[in-house]
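So the protein sequences, as listed, match chains F, X, R and D.
Just so we're aligned, residue 480 is where the first sequence starts under the working numbering, counting upward by one.
Just so we're aligned, residue 480 is where the second sequence starts under the working numbering, counting upward by one.
Just so we're aligned, residue 480 is where the third sequence starts under the working numbering, counting upward by one.
Just so we're aligned, residue 480 is where the fourth sequence starts under the working numbering, counting upward by one.
4 protein chains.
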Amino acid sequence: MLTLDAHPSGRHFLQIPGPSPVPDRILRAMSLPTIDHRGPEFGVLGQKLLAGIQQIFKTRHPVIIYPASGTGAWEAALANVASPGDLVLMYETGHFSSLWHKMATRLGVKTEFLSLPGTDDTGLPVTWRNGVQADLIEKRLREDSSHQIRAVCVVHNETSTGATSDIAAVRRAIDAAGHPALLMVDTISGLACADFRHDEWGVDVTISGSQKGLMLPPGISFNAISPKAIEASKQSKMPKSYWAWDEILESNKTGYWPYTPNTNLLYGLHEAIEMILEEGLDNVFARHQRWGAGVRAAVNAWGLPIQCADPAVYSPVLTGVITPAGVDADAIRRLIYQRFDMSLGMGLGKVKGRMFRIGHLGDCNDLTLMATLSGAEMGLKLSGVKIAGSGVQAAMDYFMAHPQQSGLRAAA
Amino acid sequence: MLTLDAHPSGRHFLQIPGPSPVPDRILRAMSLPTIDHRGPEFGVLGQKLLAGIQQIFKTRHPVIIYPASGTGAWEAALANVASPGDLVLMYETGHFSSLWHKMATRLGVKTEFLSLPGTDDTGLPVTWRNGVQADLIEKRLREDSSHQIRAVCVVHNETSTGATSDIAAVRRAIDAAGHPALLMVDTISGLACADFRHDEWGVDVTISGSQKGLMLPPGISFNAISPKAIEASKQSKMPKSYWAWDEILESNKTGYWPYTPNTNLLYGLHEAIEMILEEGLDNVFARHQRWGAGVRAAVNAWGLPIQCADPAVYSPVLTGVITPAGVDADAIRRLIYQRFDMSLGMGLGKVKGRMFRIGHLGDCNDLTLMATLSGAEMGLKLSGVKIAGSGVQAAMDYFMAHPQQSGLRAAA
Amino acid sequence: MLTLDAHPSGRHFLQIPGPSPVPDRILRAMSLPTIDHRGPEFGVLGQKLLAGIQQIFKTRHPVIIYPASGTGAWEAALANVASPGDLVLMYETGHFSSLWHKMATRLGVKTEFLSLPGTDDTGLPVTWRNGVQADLIEKRLREDSSHQIRAVCVVHNETSTGATSDIAAVRRAIDAAGHPALLMVDTISGLACADFRHDEWGVDVTISGSQKGLMLPPGISFNAISPKAIEASKQSKMPKSYWAWDEILESNKTGYWPYTPNTNLLYGLHEAIEMILEEGLDNVFARHQRWGAGVRAAVNAWGLPIQCADPAVYSPVLTGVITPAGVDADAIRRLIYQRFDMSLGMGLGKVKGRMFRIGHLGDCNDLTLMATLSGAEMGLKLSGVKIAGSGVQAAMDYFMAHPQQSGLRAAA
Amino acid sequence: MLTLDAHPSGRHFLQIPGPSPVPDRILRAMSLPTIDHRGPEFGVLGQKLLAGIQQIFKTRHPVIIYPASGTGAWEAALANVASPGDLVLMYETGHFSSLWHKMATRLGVKTEFLSLPGTDDTGLPVTWRNGVQADLIEKRLREDSSHQIRAVCVVHNETSTGATSDIAAVRRAIDAAGHPALLMVDTISGLACADFRHDEWGVDVTISGSQKGLMLPPGISFNAISPKAIEASKQSKMPKSYWAWDEILESNKTGYWPYTPNTNLLYGLHEAIEMILEEGLDNVFARHQRWGAGVRAAVNAWGLPIQCADPAVYSPVLTGVITPAGVDADAIRRLIYQRFDMSLGMGLGKVKGRMFRIGHLGDCNDLTLMATLSGAEMGLKLSGVKIAGSGVQAAMDYFMAHPQQSGLRAAA
């Protein structure tokens with residue numbers, strides 16, 4: 480028997496910024512019997528999924544679904560449009576943009592990695608506390624008069640920091656520079672939580688994954704692709720097969736895939752799309768914004784710095800909390816895990832041990848967040864962190880003052 | 480599709496005093512395929528269940544398992560030992576003892592219904608704020624020199640009030656009176672939450688159900704029966720068949736039942752027994768006691784009266800909260816349901832609208848209770864109830880000061 | 480871990496005449512979280528269930544849903560309309576009618592038990608190979624000029640023999656005799672497999688259960704009741720409370736029950752009703768009739784006697800197969816269980832060891848039955864039973880010649 | 480609601496050679512809540528999985544687990560050991576070896592594709608009816624005196640034909656030629672059905688997937704890698720990141736992965752490993768061999784050619800059945816799907832429409848196969864195919880004569 484099937488009393492609180500808590504409805508859908516991926520039912524399912532996922536990305540163009548985690552979709556994006564030796568312009572917003580940058584390097588792509596310089600008084604890198612600065616991108620593109628830069632790569636919602644980036648501004652920057660570079664955006668943790676508009680914002684490749692706003696377990700990832708990206712892919716010399724868009728696009732026409740898809744996770748995706756579209760994407764975004772505001776009210780009351788230094792780009796998905804210098808944030812997380820059966824997100828890379836992350840996404844509601852904030856507040860206190868005031872009270876005040884507008888159980 | 484399979488965001492908080500939240504492990508077990516209730520596997524399962532459930536009741540004597548809810552087990556207890564016209568002495572501790580009393584009357588049994596007189600300053604009946612007064616029972620039994628009273632019937636944990644009763648004291652009262660009456664105890668909502676000792680306390684028939692401390696959905700109920708009760712059942716003239724112990728006892732010898740048992744709920748019972756015995760009954764009791772203390776800390780901080788007026792018999796299963804006169808407790812509950820997707824227990828019978836009940840049982844942990852108390856506190860405030868202070872803060876203080884001792888996820 | 484969660488390769492074939500194999504869809508529904516049985520969602524569910532189940536019984540009158548197995552609903556029927564000492568006329572069609580008769584006796588009701596006399600050349604009682612003979616009932620009622628007989632009790636589908644009874648004919652017999660007796664019918668294993676018409680056939684109390692045609696696990700049972708039965712219940716002097724219709728009828732008006740209902744099984748009932756009504760009751764009946772015909776083709780090819788001696792009343796639910804004298808049918812069943820992981824129904828009561836029963840109900844299709852017949856045929860051969868020819872071939876011939884008309888996967 | 484959750488009566492028979500029917504136990508495990516892939520529980524799970532999967536591959540060396548389907552693991556194998564322009568020697572045994580060959584070409588690897596020439600009297604390519612001819616490989620390697628060939632790539636169990644290949648013989652051929660080429664083997668559909676010995680047979684990279692013998696849904700795939708393969712990977716110049724072994728090996732040391740793993744499928748893998756090792760690998764292999772023999776007995780009785788022309792390498796996983804010339808095998812499959820709710824495998828690539836495939840793997844037992852063969856036999860007849868005799872009878876005869884030795888329900 481799986482040790483996971485053991486029985487501490489009560490449910491674990493999985494309050495990391497993804498994998499998010501999976502709604503039971505999705506777990507139930509995933510337990511349907513696996514079907515023949517070449518049979519007639521599958522084609523019907525496939526076509527329904529491909530149409531539905533376009534609505535989530537707000538695109539009329541194709542969305543590729545990979546049986547792979549989000550990291551695979553990063554590679555797919557680069558491998559389809561770039562060739563070894565191509566130059567791509569990336570922007571450091573945190574750990575995940577850094578990993579994507581590292582991947583590009585491994586793939587033989589030349590990179591430039593823009594960022595804001597320095598650290599601030601918290602000791603954290605400034606660029607890990609802010610979103611993309613579109614003016615830096617515009618400046619660099621203007622310098623690239625020979626159009627060596629093949630693509631601009633940015634992260635929409637930095638899962639390691641809790642800062643989003645203004646993608647429309649990046650698009651404007653590229654246009655203002657009159658540069659032909661493709662715009663590639665990672666919204667792995669932003670999709671279906673934070674507003675995202677693939678077509679309207681002129682994104683060429685959007686990368687996402689299943690285990691965040693879509694509320695699925697990990698294992699599926701996406702490339703939403705513009706006609707310009709498809710055109711570019713025909714020139715790419717990067718060796719690839721699994722990630723290659725061409726055969727998938729051909730096969731998708733009838734609702735199938737060229738190789739075995741991730742059938743049972745696709746059942747879950749079907750449910751997720753239905754749940755999200757039924758509530759309405761704008762309602763879903765507002766719901767996450769409100770949760771974020773409630774959580775930030777708590778962090779502010781504690782007197783601890785929110786990692787995202789720019790209120791204009793606070794993430795609706797997660798909130799990074801900077802712990803006082805000299806306090807090991809991971810020790811606090813460990814205590815909370817052991818005393819209160821809750822997982823909070825760890826500080827990654829350059830901010831390891833200096834912060835923790837509270838996820839407010841997935842199968843969640845106000846009381847889940849009150850539980851989360853209670854657990855965090857008790858953990859901080861038990862760890863000896865001085866807090867200015869009750870975050871729990873502040874969050875209650877916020878939630879009382881701002882009623883939830885959607886995603887509620889129907890009144891009887 | 481079942482409306483219940485709809486998708487408000489997040490899990491409902493079922494904080495009524497039963498049916499309690501069912502652990503996923505039990506729901507998973509219940510989804511195993513139904514087997515032949517006359518086949519060889521079933522007999523093995525049956526014998527394992529019958530041995531396990533004895534440990535939960537702390538008895539070496541038989542426990543009858545009915546495919547029926549707890550109300551059925553009440554009837555079974557009366558129907559097996561009493562005959563129409565027999566006199567039984569019952570004690571009013573609240574709504575459920577009153578319902579049992581009403582049932583006895585319907586069955587043609589003569590009853591006397593002891594209670595404490597009057598109402599107190601809250602306007603609530605005094606007898607609905609206390610446990611059984613064993614001295615009243617002793618007094619009445621002493622008067623019954625001709626031994627007309629066939630049985631004494633009391634409720635161990637009054638689900639409608641949050642007061643327990645001292646069963647050992649009732650036993651002592653019967654013995655002190657030198658009276659041969661059978662002792663019949665309803666611990667439907669007490670079993671596997673509050674200490675209960677069928678053999679040691681000399682109980683003749685213990686009635687319980689599946690949907691409280693055993694953490695199953697409703698549908699199974701129990702009669703734990705002493706040799707004296709079995710002897711008495713041979714004289715009973717109450718017409719009965721479904722409830723009759725004799726055929727069940729005979730069939731149980733090989734692990735079977737005389738009629739179709741509730742197979743899939745029995746799978747759940749198997750898991751429940753395994754979970755409880757693995758943690759240890761005393762640990763389970765302590766866990767519920769601690770939760771009760773935390774919740775009462777909150778209610779005290781609010782400045783609202785706890786319905787159970789006798790701290791010696793506070794229930795570890797639920798806490799009744801009396802709302803101020805003139806405030807409709809059901810309106811508060813409705814607001815909490817609609818705003819925060821949480822169910823609290825309603826005031827029943829004589830206390831309808833005057834109180835609500837917080838369940839602290841089933842698949843639960845500290846953070847579940849913090850969510851619960853947050854929801855209740857917000858609901859009180861939004862309903863205009865003046866509260867003295869932060870119950871949420873008081874509960875956090877209690878939980879921080881008193882670490883949980885069992886039922887925790889194993890440290891890694 | 481539950482031993483049932485062990486891992487023989489492949490699924491067990493549960494081909495007994497109930498509990499029937501439960502569709503995964505129903506098991507999934509049953510795993511939804513338990514809700515507050517006094518909350519607003521529950522009332523909506525309850526009203527939907529109560530309306531839906533009427534359609535299954537073909538009645539405009541109330542259907543009582545008990546958290547109990549079918550045996551409980553037998554008792555409920557008797558306890559609500561009879562008083563101790565009343566006379567009821569019952570008819571022996573097999574083991575289950577005998578058990579109901581025994582129950583009536585235990586409840587203090589006087590009974591007469593009609594039957595066909597004698598045994599035939601198979602050594603089996605003739606009355607266990609036929610349906611109810613309505614003329615015997617009419618004759619007896621005509622003799623009862625003082626109308627001492629309070630009710631006529633018959634079984635619609637004898638689960639122990641595979642013979643149905645003509646309920647409309649019984650109704651006509653009662654009417655022809657001009658007798659006021661109530662008509663009480665057990666269709667525990669017939670409902671939702673064989674045509675049944677509570678209102679049209681003038682049934683006063685119909686008893687049924689969850690674990691047969693409704694394809695649920697055991698644990699729920701039913702009384703469909705006519706206005707005349709309700710009227711009669713007001714005179715009944717049988718002590719009862721759990722089974723009493725009055726409080727349930729009152730509470731059902733708003734979709735609730737007077738005591739805790741079997742919540743998670745009700746979720747399953749919801750799915751079952753939806754599945755059955757969507758296919759259409761007549762289609763469901765035809766589907767079972769066709770299965771029965773296919774199975775009987777096999778038994779005929781084997782040259783073994785079908786237990787039901789009257790082709791006009793062959794059960795669409797199960798087929799009883801008489802084994803040659805001197806062969807222990809239970810030994811054959813055991814071998815099949817061990818070699819082929821299939822459960823067949825045992826011979827009960829007077830036919831123990833002389834026959835086995837093949838269930839063709841529940842979550843089943845043509846290939847399930849081909850598997851079943853293959854297993855039975857191999858078991859017969861391995862047990863040394865001489866068979867005349869290939870039952871498997873005969874069933875294939877039948878199924879090829881008679882295409883299934885409903886309950887199929889939608890063509891793509 | 481998912482259309483898949485509709486309700487044809489009974490379970491679909493998924494008798495394709497993978498994805499195989501998933502045992503309920505595995506589906507249940509997959510429905511456990513998703514946990515933090517960086518938390519302490521996950522590391523324990525990861526280490527247990529990595530140790531267990533080694534036993535399945537019979538290796539003491541690392542096994543890489545990818546969140547990807549089998550096609551991804553093909554690419555991973557090539558990408559880690561080859562560089563663009565490298566020469567690999569592949570062998571055409573059917574559709575899947577052809578797809579792998581095509582992939583190698585897309586990745587910029589030069590290939591040679593050995594095969595047996597011509598078609599035989601069935602009109603099918605001879606090389607699609609046989610396993611790898613090791614002598615052809617030895618011959619080619621001996622010619623390669625300058626050791627240009629970097630790797631030899633063969634398929635262990637050709638899912639498109641039902642022929643296995645003698646991997647030990649390929650190893651001997653390489654050794655006899657004194658050639659340093661790596662041996663890379665696809666046993667995607669062979670693992671945990673057919674005997675496979677990564678270490679003993681000197682395989683350098685073994686590729687496999689989750690959705691065949693491991694009985695999981697698709698979505699996980701594997702590279703088992705020898706020290707020599709790891710050494711070779713350090714020289715590879717193929718751009719890659721997701722597939723790169725180095726970071727995964729490093730991260731696996733503590734039971735974690737460098738990017739988000741497929742958590743819920745890993746729960747299923749845990750169960751699969753436990754089920755397989757508990758039965759014993761040799762028992763599992765024998766069970767599949769016996770099933771294959773039973774199915775082939777049926778095909779022989781029908782008088783239809785088994786696609787695998789060499790009895791020495793019959794697959795224990797699936798059997799390819801060649802339909803008479805002029806008969807569209809896909810039309811037969813369609814009829815079977817619509818009439819009997821069973822999926823059979825289609826003819827792929829060069830044999831499309833000329834054959835169908837019967838899978839005998841996954842959650843299966845003798846009666847499942849009897850159902851399968853009955854469905855196939857009825858489908859053949861209804862399609863007008865003349866068959867020589869009863870395949871169903873032949874399979875029953877085989878199964879009766881050869882009792883199953885493991886994977887049975889424990890005798891009671």
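Glycine included, every Cβ here is placed at the ideal spot set by N, Cα and C.
Taking C-beta to C-beta, are H540(X) and I704(X) nearer than 8 Å?
-> Taking 8 Å as the Cβ cut-off, H540(X) and I704(X) qualify as a contacting pair.
Would you kindly check if the distance between the Cβ of R629(D) and the Cβ of R566(D) is under 8 Å?
-> Reading the sequence as shown, one finds Leu at residue 566(D) and not Arg. The Cβ atoms of L566(D) and R629(D) lie closer than 8 Å to each other.
If the cut is a Cβ gap below 8 Å, which residues of chain R does N844(D) touch?
-> Simply P487, S488, G489, R490, F819, D820.
Considering L797(R), what are the terminal residues of the alpha helix (DSSP H) in which it resides?
-> Counting along the chain, L797(R) sits inside no alpha helix (DSSP H); it lies in the beta strand (DSSP E) bounded by residues 797 to 801.
Which residue's Cα is closest to the Cα of D623(R): E637(R), K865(R), P659(R)?
-> Measuring from the Cα of D623(R), the nearest candidate turns out to be P659(R).
Any contact of the region 831 to 850 of chain D with the region 765 to 772 of chain D, i.e. 3+ C-beta pairs under 8 Å?
-> Touching, yes.
How would you label Q612(F), buried or exposed, when you count the other beta carbons within 10 angstroms and need 16 or more for buried?
-> Classification for Q612(F): buried.
Is the CB of M904(R) under 8 Å away from at least one CB in chain X?
-> No answer is possible for residue 904(R): it lies beyond the span of chain R, which begins at 480 and ends at 891.
Kindly give me the distance between the Cβ atoms of D665(F) and K537(F), rounded to whole angstroms, as I take these residues to be in contact under 8 Å.
-> Contact flag wrong, Cβ pair sits at about 16 Å.
Please say whether A642(X) and M694(X) have beta carbons closer to each other than 8 Å?
-> Using a Cβ distance threshold of 8 Å, M694(X) and A642(X) do not count as a contacting pair.
Name, please, each residue of chain D whose Cβ falls closer than 9 Å to the Cβ of L695(R).
-> Chain-order list of chain D residues neighbouring L695(R): empty, with the shortest C-beta distance near 14 Å, by a criterion of under 9 Å.
Sheet register partners of P604(X) (DSSP bridge) = According to DSSP, residue pairing for P604(X) in a beta bridge involves T598(X).
What whole-angstrom Cβ distance do P512(R) and V501(X) have, given they're in contact under 8 Å?
-> V501(X) and P512(R) do touch by the CB rule: their CB atoms are close to 7 Å apart, below 8 Å.
CA-CA distance, S730(X) and M754(D)?
-> Straight through space, the alpha carbons of M754(D) and S730(X) are spaced by roughly 34 Å.
Could you check how far apart the C-beta atoms of S644(D) and V631(D) are, in whole angstroms? I think they sit under 8 Å.
-> Incorrect: roughly 12 Å between the Cβ atoms, too far for contact.
Beta-bridge partners of Q494(R), as assigned by DSSP | Q494(R) is bridged to L823(R).
Using a Cβ-Cβ cut-off of less than 8 Å, list which residues of the region 733 to 760 of chain R approach chain D; keep chain order.
-> Cβ contacts with chain D: M754, E757, E758.
With 7 Å as the limit, tell me which residues of the region 549 to 564 of chain D have their beta carbon closer than that to any beta carbon of chain F; keep them in chain order.
-> Answer set for the region 549 to 564 of chain D: G549, T550, G551, E554, P563.
Tell me which same chain residues have a C-beta within less than 7 Å of the C-beta of Q494(R), skipping the five on either side of it?
-> Around Q494(R): M821, S822, L823, I837, G838, T851.
For L603(X), is the classification buried or exposed, using 16 other Cβ atoms within 10 angstroms of its Cβ as the cut-off for buried?
-> Counting Cβ neighbours within 10 Å, L603(X) comes out buried, since at least 16 surround it.
Quick one: is L511(R) near chain D, going by C-beta distance under 8 Å?
-> Interface flag for L511(R) against chain D is unset, since no Cβ pair is found closer than 8 Å.
DSSP state of A891(X), grouped into three classes?
-> Legend: pLDDT at A891(X) = 45, less than 50; position of this residue unreliable, no value from coordinates given.
Assuming C672(X) and V796(X) form a contact by the criterion Cβ under 8 Å, report the distance between their Cβ atoms to the nearest whole angstrom.
-> Your pair C672(X) and V796(X) checks out as a contact, with CB atoms roughly 5 Å apart and the cut at 8 Å.
Per-residue burial, L756(F) [other beta carbons within 10 Å of its own, 16 or more giving buried] | L756(F) sits exposed, since fewer than 16 C-beta atoms from the chains shown fall within 10 Å of its C-beta.
Thinking C-alpha only, which one of G858(X), N762(X), A723(X) is nearest T550(R)?
-> Nearest C-alpha to T550(R): A723(X).
From L827(X), R888(X), D809(X), residue whose alpha carbon lies closest to that of L859(X) | Of the residues L827(X), R888(X), D809(X), the one whose Cα lies closest to the Cα of L859(X) is D809(X).
Around the C-beta of V691(R), are 16 or more other C-beta atoms found within 10 angstroms, so that it is buried, or is it exposed?
-> According to the sequence as given, residue 691(R) is Lys; it is not Val. Classification for K691(R): buried.
Listed from N- to C-terminal order along the chain, which residues in the region 692 to 721 of chain F have their beta-carbon within a distance smaller than 8 Å of any beta-carbon of chain D?
-> From the region 692 to 721 of chain F, only P696, P697, G698, M717, P718, K719, S720, Y721 have a Cβ closer than 8 Å to chain D.
Quick one: does H516(F) have its CB under 8 Å from some CB of chain D?
-> Judged by the 8 Å Cβ criterion, H516(F) is in contact with chain D.
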